[in-house]
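Peer 1:
Numbering (my numbering), first residue to last: 842 to 1000.
So, in structure tokens, the structure goes:
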């Protein structure tokens, strides 16, 4: 009788451990690959910029498409695609831009744009550290230093 109880208890413990490991693996895999979109407004002294960012993260590679315009000069548009390599340590992401593609309708000068966005979004070979926290609703909070910068809405179909 004691052997049967001990065997049943051991089976339950093993099944619980397997379930825990499967859940941890699934959660890690979700953070290895995700797609999200963010919209934000940046206010400056006499100008407001409307920005849109679309991130795709796949393992140690990422792509971000950033678009934006000014309320003062709406014909001034920036439209860039940046591919990057990334390294992760927990929720800290080190991103190094690989290619920065300026799309045809982009009318912003790089130097002027650098006043409003980090150089990571402008030139290849520039880096940025971002903390990315997955929320309970499957969206992501992007933080620079300890400041929440924007919420990136999960756009994957299966979540």
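All residues carry an ideal CB built from backbone N, CA and C; glycine is no exception. Fair warning: this is a prediction, and the values are worked out from it, not measured in the lab.
Between residue 979 and residue 996, what straight-line distance do the alpha-carbon atoms span, to the nearest angstrom?
Peer 2: Computed Cα separation, rounded: 9 Å.
Peer 1: Does the Cβ of residue 877 have 16 or more other Cβ atoms within 10 Å, making it buried, or fewer, making it exposed?
Peer 2: It is buried - the Cβ of residue 877 has at least 16 other Cβ atoms within 10 Å.
Peer 1: Let me know the alpha helix (DSSP H) ranges lying completely inside the stretch 914-981, each 4 residues or longer, listed in chain order.
Peer 2: You should have 951-954.
Peer 1: Exposed or buried, which one is residue 842 when buried takes at least 16 other CB atoms within 10 Å?
Peer 2: Classification for residue 842: exposed.
Peer 1: In the DSSP assignment, find the unbroken beta strand (DSSP E) run with residue 878 in it and report its ends.
Peer 2: Element bounds for residue 878: 874-884.
Peer 1: May I ask you to list the residues that DSSP assigns as paired with residue 895?
Peer 2: DSSP, once it has assigned bridges, lists 878 and 906 as partnering residue 895.
Peer 1: Residue 960 to residue 922, Cα distance in whole Å?
Peer 2: Approximately 13 Å between the Cα atoms of the pair.
Peer 1: Could you check whether residue 927 and residue 907 sit closer than 7 Å to each other, using their CB atoms as the reference points?
Peer 2: Not a contact, by the Cβ cut-off of 7 Å.
Peer 1: From residue 944 to residue 963, what does the alpha carbon distance come to, in whole angstroms?
Peer 2: When rounded, the distance between both Cα atoms is 12 Å.
Peer 1: Tell me the rounded alpha-carbon separation between residue 939 and residue 915.
Peer 2: Those two C-alpha atoms are separated by around 29 Å.
Peer 1: So, is residue 941 buried or exposed, given that buried needs 16 or more other C-beta atoms within 10 angstroms?
Peer 2: Burial call: buried.
Peer 1: Considering only their Cβ atoms, is the gap separating residue 911 from residue 885 smaller than 7 Å?
Peer 2: No.
Peer 1: CA-CA distance, residue 919 and residue 887?
Peer 2: The straight-line gap from Cα to Cα measures roughly 19 Å.
Peer 1: Could you pull the start and end residues of the beta strand (DSSP E) that residue 990 belongs to?
Peer 2: From DSSP, the beta strand (DSSP E) with residue 990 extends over 988-995.
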